[in-house]
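To start, the structure itself, in C-alpha cells.
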Amino acid sequence: MSASKIEWTEVTWNPTTGCDRISSGCDNCYALTLAKRLKAMEISLVAKGKLDAGKAKYQNDGDPRTSGPGFGVAVHHDVLIEPLHWRKPRMVFVNSMSDLGHARVERGFLESVFAVMGVARQHTFQVLTKRPGRVAKLLSDSSFRERMAESMPFEDGNGGDDVFDWLAVNASWPLPNVWMGTSIESDEYCWRADELRKTPAAVRFLSLEPLLGPLPSLNLEGIDWVIVGGESGPKARPMHPQWASDIRDQCADSGVPLFFKQWGGRTPKENGRHLDGEIWDQYPLRQQ
Ligand code: SF4
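If you want the working numbering, it's the 1-based position in the sequence shown plus 1.
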C-alpha cells in the first residue's frame, strides 16, 4: 500500500505493473516515466542489500515502441493479499502503475484480484481501465465469478477454507465494494463508456483525464460518477475551459456527481481546481 496524491482516492495497490500505450491519453503516461526511475532505484537497493531481488517489481522491460524500461507487464502474487491486512477502511485505487484490463494479465490472476477485493469488503476499490471491452466480457462471464473462490490466494490451513466458503456462498455479484471505471480523453473514445455500461459493477465511473478535446458524444446513462482533469507535467496539453464546463453542465442535467480534479499544467496544482469559481468534490451516491 502507498498513500496516494491522487485527490479522489486514499491509497494505491499495484498487484500488476507495466502496460502499453494504446491511445493519445497515454502519450505522457506518468506511470511509464516513473517505472524507469523505479527500475533504477530498485537496482541500486538490491546492490546495497536493502531490497530482496525477488521483491523488485520494475525489472521487466516493455516493448520500446509502446512501453519502456521497467514497464513490461508483470503480475505480483506477493502483494495480492495485502488489502486483507489493512484494518482501517480505505478507498483503494487499483493499479496506478498498470491497467488491469491489459491482455497480458491472465484471467486466473484477475480472478484472484477480484477474490481479494470481495473478501476485503472493509475497503472500496476503484479499478480504472482503458481496455473496458475485455473487462466487460470477463466480468459478464458467470464462470469468472464462480472461479473467484478457487482463485483466492490462500493456502489450505491458512484460513483459506472460511474465505473460500464465504466467497462461494455469500459474496454478492457485482461486488458491492468495487467501482469500475474507464478513461476517455477525446470524443473518438466515448465508445469506452458503452463497454463500461456492459460491465457488471456496483458503481461505474468515467475518468475524463487528460481531457484533450470536447466530448459531444458523451453519454452519461448508467454512469454513477465523472472525474475531469487536465494533463500535468512538462509536456502537458492544455484543457479548454469550455470542454470542462460542458461536461459539468451535462453532469448537472443528468444528476451525475462530478469530481473536478485539476486544470493541469507543469505541475498538477499550477492552475488550481476551481471550475467557474467552485470546487467540485462530489462522489457517487451509491457509496457503501
Ligand atoms: S493505459 Fe494507462 S497505464 Fe497504460 S500506458 Fe496508457 S495511461 Fe499508462
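A virtual CB, placed ideally from N, CA and C, is assigned to each residue, including glycine.
Classification of residue i by the beta-carbon crowding that lies within 10 angstroms, buried from 16 upward
| i | result |
| --- | --- |
| Thr-183 | buried |
| Gly-55 | exposed |
| Pro-242 | exposed |
| Glu-107 | exposed |
| Glu-279 | exposed |
| Lys-49 | exposed |
| Ile-23 | exposed |
| Pro-65 | exposed |
| Thr-67 | exposed |
| Gly-256 | exposed |
| Gly-109 | exposed |
| Glu-232 | buried |
| Thr-125 | buried |
| Lys-236 | exposed |
| Ser-173 | exposed |
| Tyr-31 | exposed |
| Lys-58 | buried |
| Arg-91 | buried |
| Thr-268 | exposed |
| Glu-189 | exposed |
| Lys-131 | buried |
| Arg-205 | buried |
| Ala-41 | exposed |
Simplified DSSP state of residue i, which is helix, strand or coil
| i | result |
| --- | --- |
| Leu-209 | strand |
| Ala-41 | helix |
| Ile-1 | There is simply no residue 1 to check, as the chain begins at 2 and stops at 289 in what is shown. |
| Met-118 | helix |
| Phe-110 | helix |
| Gly-26 | helix |
| Val-204 | strand |
| Gly-55 | helix |
| Lys-138 | helix |
| Met-98 | coil |
| Ala-150 | coil |
| Asp-157 | Since pLDDT at Asp-157 reaches only 47, below the 50 mark, its modelled position is unreliable, and the value read off the structure follows with that caveat. Asp-157: coil per DSSP, three-state reduction. |
| Ile-228 | strand |
| Lys-62 | The displayed chain sequence assigns Asp, not Lys, to residue 62. If DSSP states are grouped into helix, strand and coil, Asp-62 belongs with coil. |
| Ala-237 | coil |
| Leu-33 | helix |
| Asp-282 | strand |
| Gln-123 | coil |
| Trp-174 | coil |
CB of residue i within 8 Å of CB of residue j, strictly
| i | j | result |
| --- | --- | --- |
| Lys-262 | Arg-249 | no |
| Ile-185 | Leu-216 | yes |
| Cys-20 | Asp-100 | yes |
| Leu-139 | Leu-111 | yes |
| Gly-230 | Glu-210 | yes |
| Leu-212 | Ala-194 | no |
| Pro-177 | Pro-201 | no |
| Pro-133 | Leu-52 | no |
| Ser-3 | Glu-11 | no |
| Gln-127 | Val-93 | yes |
| Gly-73 | Leu-33 | no |
| Pro-285 | Trp-226 | yes |
| Pro-84 | Trp-14 | yes |
| Ser-152 | Ser-113 | yes |
| Leu-46 | Gly-71 | no |
| Asp-277 | Phe-260 | no |
| Ala-116 | Ala-150 | yes |
| Ala-104 | Arg-135 | yes |
| Ala-137 | Met-98 | no |
| Ala-75 | Asn-61 | yes |
| Lys-199 | Ser-144 | no |
| Those residues, in chain order, that have a beta-carbon closer than 5 Å to some heavy atom of ligand 1 | Those residues, listed in chain order, are Cys-20, Arg-22, Cys-27, Cys-30, Ala-32, Asp-100, Lys-131.
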